[in-house]
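Data first, discussion second: the structure below is written as structure tokens.
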Amino acid sequence: MLLAVDVGNSHTTCGIFDQERLLAHFRLRSEPRQTGDELAASCQAQLALRGLDLRRLHACVLGSVVPALERPWREFAADHCPALGAPLLVVDHRLDCGLTLAIEQPETLGVDRLINAAMAWQRLRGPCIAVDVGTALTCDCVNARGEFVGGVILPGPALALEALARGTARLPSVDLSAPLESVMGKNTREAIRAGILIGWGGMIDRLLERLGAELAPAGTPVRILTTGGMARLLAPHSTRLGDIDPWLTLCGLAWLHQRHPRP
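Numbers 0 to 262, taken from numbering that gives the first Met the number 0, label the letters of the sequence shown in order.
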């Protein structure tokens, strides 16, 4: 079994794979002060609920946007996974991911963006944009030659909602999953919900329109592949989000591990 670990700013998503098949998945909090022992205890508890065991893991791959958590995951793999045939594979911009990085300062590229773009290209094999609606909202572009040519980064809807509640005296945080019946909120909570969901949906559409126009000649289809915890909430309010795969990043990590088998 392979453990794929996607460390995000707020949460860490873990997936257990048999070859390319996702067997199980679970989430942990991304806590930079965690130790390898604490990660092992959390993972073992989650695996036990699913009838699995750390001792059956034969491989582990990590993609992290939180530098402080790389070392604890290395300790976790080295100290608590006795069946691993090789050290933890850590994905970064230096790893061959099937794309040419046609950007400035590739060392600053978030590994989640790299993985999503690489997986979108592997699946679509043409001009494409990988959209990730998480803490940050990212749109990452690959041209017809398989070159990663750039993208955009902006706050995700949940982060915007948090900033609105924190930066004002009387505006509350709201449940974005509650039904939205109209763009004209009849109370403060409805108005915030409409503003975040419809506003972010429209913003994504405009960004994808502009990105697509730059990415490929007029008339050439640009396909969109979307992931992220907020993707399904925004999809009804966007006309361009395209296919949604909630496990795109995990599947990309598993694919990269197959592409780079350890000795």
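Glycine residues also receive a C-beta, built at the ideal position from the N, C-alpha and C atoms. Owing to the predicted nature of the structure, the values given are computational and were not obtained by experimental measurement.
request  = Have a look at Leu232, Ser237, Leu255 and Thr238 and flag the residue whose alpha-carbon is nearest the alpha-carbon of Pro245.
outcome  = As a position in the sequence shown, residue 245 is number 246, starting the count at 1. Taking each of Leu232, Ser237, Leu255 and Thr238 in turn and checking the Cα distance to Pro245, the smallest one comes out for Leu232.
request  = Please state whether DSSP places Gly35 in a helix, a strand or coil.
outcome  = Residue mapping note: residue 35 aligns to position 36 of the sequence shown, counting from 1. Correct three-state label for Gly35: helix.
query = For Ala67, which residues from the same chain have a beta carbon less than 7 Å from its beta carbon, with the 5 sequence-adjacent residues on both sides left out?
reply = Taking the first residue of the sequence shown as 1, we reach residue 67 at position 68. The residues are Pro31.
ask   = Do the segment 108–126 and the segment 134–146 meet, that is, are 3 or more Cβ pairs less than 8 Å apart?
value = yes
message = Taking the straight line between their C-alpha atoms, what separation do you get for Met183 and Glu189?
response = Start at 1 with the first residue of the sequence shown, and residue 183 comes out as number 184. Start at 1 with the first residue of the sequence shown, and residue 189 comes out as number 190. Rounded to the nearest angstrom, the two C-alpha atoms are 8 Å apart.
ask   = What residues are listed by DSSP as bridge partners for Ile276?
value = This structure gives no information on residue 276, because the portion of the chain shown stretches from 0 to 262.
key: heavy atom of the ligand NAP below 8 Å from Val182 C-beta   = Although the ligand NAP was asked about, the structure shown includes no ligands whatsoever.
query = Is the beta carbon of Phe147 less than 9 Å from the beta carbon of Ala117?
reply = Mapped onto the sequence shown, residue 147 falls at position 148. Mapped onto the sequence shown, residue 117 falls at position 118. Contact flag set, yes.
task = Have a look at Ala230 and Ser237 and give me their C-alpha separation to the nearest angstrom.
result = Within the sequence shown, the letter at position 231 stands for residue 230. Within the sequence shown, the letter at position 238 stands for residue 237. Taking the straight line from one Cα to the other gives about 10 Å.
key: Whole-Å CB distance - Leu94 paired with Leu224, under 8 Å assumed   = Sequence index remark: in the sequence shown, residue 94 carries index 95 (1-based). Sequence index remark: in the sequence shown, residue 224 carries index 225 (1-based). Not quite, the Cβ-Cβ distance comes to about 20 Å (not below 8 Å), so this is no contact.
request  = Following the continuous alpha helix (DSSP H) through His256, name the residue where it begins and the one where it ends.
outcome  = For the purposes of this step, residue 256 is taken as residue 257 along the sequence shown, with counting starting at 1. It spans Leu247 to Arg258 - the alpha helix (DSSP H) in which His256 sits, taken as one unbroken run.
ask   = Would you say Pro71 and Thr34 are within 9 Å of each other, going by their C-beta atoms?
value = Along the sequence shown, one-based indexing puts residue 71 at 72. Along the sequence shown, one-based indexing puts residue 34 at 35. Cβ atoms of Pro71 and Thr34: closer than 9 Å.
Among Arg258, Gly84 and Leu240, nearest to Leu206 - alpha-carbon criterion = As a position in the sequence shown, residue 206 is number 207, starting the count at 1. For the residues Arg258, Gly84 and Leu240, the minimum Cα distance to Leu206 belongs to Leu240.
key: Alpha carbon of Glu69 to alpha carbon of Ser63, nearest angstrom   = For the purposes of this step, residue 69 is taken as the residue at position 70 of the sequence shown. For the purposes of this step, residue 63 is taken as the residue at position 64 of the sequence shown. Each residue's Cα considered, the two are about 7 Å apart.
query = By Cβ distance, which residues of its chain are closer than 6 Å to Arg49, with the 5 residues on each side in sequence left out?
reply = Start at 1 with the first residue of the sequence shown, and residue 49 comes out as number 50. Sequence-distant partners of Arg49 (beyond 5 residues in either direction) whose C-beta falls short of 6 Å from its own C-beta, in its chain, are Ala23.
request  = Please state if the CB of Leu196 and the CB of Ala3 are separated by a distance shorter than 9 Å.
outcome  = Working through the sequence shown from its first residue, we reach residue 3 at position 4. Working through the sequence shown from its first residue, we reach residue 196 at position 197. Contact: no.
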